[in-house]
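K.L.:
Structure below; questions to follow.
Residue numbers (my numbering): 968 to 1133.
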């Protein structure tokens, strides 16, 4: 379980985030058109996984906007914005915000949150994903992993982007 907080109050997660240097297993998430997507769909590309509780909160929305802006500058890299939001909510947000340089995918039909140690087990956000950023190499090795210790804070964008460019 990660040591994180929500507005200073301790929050339990389902485990620990994959660590730098480890190779992650494939997973399935749901795209906005309700089809399934997996890491295998992005073989040969670096992946930035921007993971958060809900696109309908200020901090989560800010991270999607920031990574969308930065994704346009990245070569051979896909940014996946991952939350437990329904794909309809993700599509609504991305349409309204003009998010075109990255993809939003939902964990609502998968075990992703538990398998990656990111499912929030208690607090008002129970059942949602905690905030984290994971950067994967073309062969799914973890180049960078950040479990944001305070859920209301934004991730360290610079560290994640530096891992992509390294």
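Glycine included, C-beta positions come from ideal geometry on N, C-alpha and C.
1) Determine the direct distance from the alpha carbon of residue 1078 to that of residue 1112, and round the result to whole angstroms.
2) Looking at C-alpha atoms only, which residue of 1005, 1062, 1110 and 1051 is the closest neighbour of residue 994?
3) Helix, strand or coil, according to DSSP, for residue 1128 in the structure here?
4) Using DSSP with H/G/I as helix, E/B as strand and the rest coil, what is residue 1026?
5) State the Cα-Cα distance for the pair residue 1102 and residue 991, rounded to the nearest angstrom.
6) Would residue 1105 pass as a contact of residue 1043 if the rule is Cβ separation under 9 Å?
7) From which residue to which residue does the beta strand (DSSP E) around residue 1013 run?
8) Which residue wins for smallest C-alpha separation from residue 1048, given the options 1040, 1039, 1059 and 1035?
9) Which whole-angstrom value is the C-beta distance of residue 1090 and residue 978, which I expect to be below 8 Å?
10) When you compare the CB positions of residue 1061 and residue 1038, do they come within less than 9 Å of one another, or not?
11) Which complete alpha helix (DSSP H) runs does the stretch 1020-1077 hold, if anything under 4 residues is left out?
12) In angstroms, rounded to a whole number, what distance separates the CA positions of residue 973 and residue 1119?
13) Give the single residue among 1000, 1116 and 1040 whose Cα lies nearest to the Cα of residue 1071.
14) Within 10 Å of its beta-carbon, does residue 1132 have 16 or more other beta-carbons around it, so buried, or fewer, so exposed?
15) Tell me, to the nearest whole angstrom, how far the beta carbon of residue 1030 is from that of residue 1017; I am working on the premise that it is less than 8 Å.
16) In three-state DSSP terms, what is residue 1081?
17) For residue 980, I'd like the list of residues in its chain whose CB is within less than 7 Å of its CB, leaving aside the five on either flank, ordered along the chain.
P.N.:
On the basis of the supplied data:
1) Here the question's residue 1112 lines up with position 145 in the chain shown. Here the question's residue 1078 lines up with position 111 in the chain shown. Between residue 1112 and residue 1078, the C-alpha separation is close to 19 Å.
2) Looking up residue 994 in the chain shown gives position 27. Ranking 1005, 1062, 1110 and 1051 by Cα distance to residue 994 puts 1005 first.
3) To locate residue 1128, count along the chain shown from 1; it is residue 161. Correct three-state label for residue 1128: helix.
4) By one-based count along the chain shown, residue 1026 stands at place 59. Note: residue 1026 maps to helix in three-state DSSP.
5) Residue mapping note: residue 1102 aligns to position 135 of the chain shown, counting from 1. Residue mapping note: residue 991 aligns to position 24 of the chain shown, counting from 1. Spanning the two alpha carbons is a distance of roughly 11 Å.
6) Here residue 1105 refers to the residue found at position 138 when the chain shown is read from its first residue. Here residue 1043 refers to the residue found at position 76 when the chain shown is read from its first residue. Yes. Within cutoff.
7) As a working mapping, residue 1013 is identified with position 46 in the chain shown. Run containing residue 1013: 1013-1018, per the beta strand (DSSP E) assignment.
8) One-based indexing of the chain shown puts residue 1048 at position 81. The shortest C-alpha separation from residue 1048 is found at 1035.
9) Locating residue 1090 in the chain shown gives position 123, counting from the first residue. Locating residue 978 in the chain shown gives position 11, counting from the first residue. Yes, residue 1090 and residue 978 are in contact; Cβ-Cβ is about 5 Å, under 8 Å.
10) Stepping through the chain shown from its first residue, residue 1061 is reached at position 94. Stepping through the chain shown from its first residue, residue 1038 is reached at position 71. Not a contact, by the Cβ cut-off of 9 Å.
11) 1025-1038 and 1054-1064
12) The residue labelled residue 973 in the question sits at position 6 within the chain shown. The residue labelled residue 1119 in the question sits at position 152 within the chain shown. Each residue's Cα considered, the two are about 7 Å apart.
13) In the chain shown, residue 1071 corresponds to position 104, counting from 1. Looking at the Cα atoms, 1000 is the closest of the given residues.
14) Indexing the chain shown from 1 puts residue 1132 at position 165. Exposed, by the Cβ-count rule.
15) By 1-based counting over the chain shown, the position of residue 1030 is 63. By 1-based counting over the chain shown, the position of residue 1017 is 50. Confirmed, about 6 Å.
16) Counted from its first residue, the chain shown places residue 1081 at position 114. The answer is helix: DSSP assigns residue 1081 an H, G or I state.
17) As a working note, residue 980 is residue 13 in the chain shown. Within the same chain, residue 980 has close Cβ partners 968, 969, 971, 1084, 1085, 1086, 1087, 1088 and 1097.
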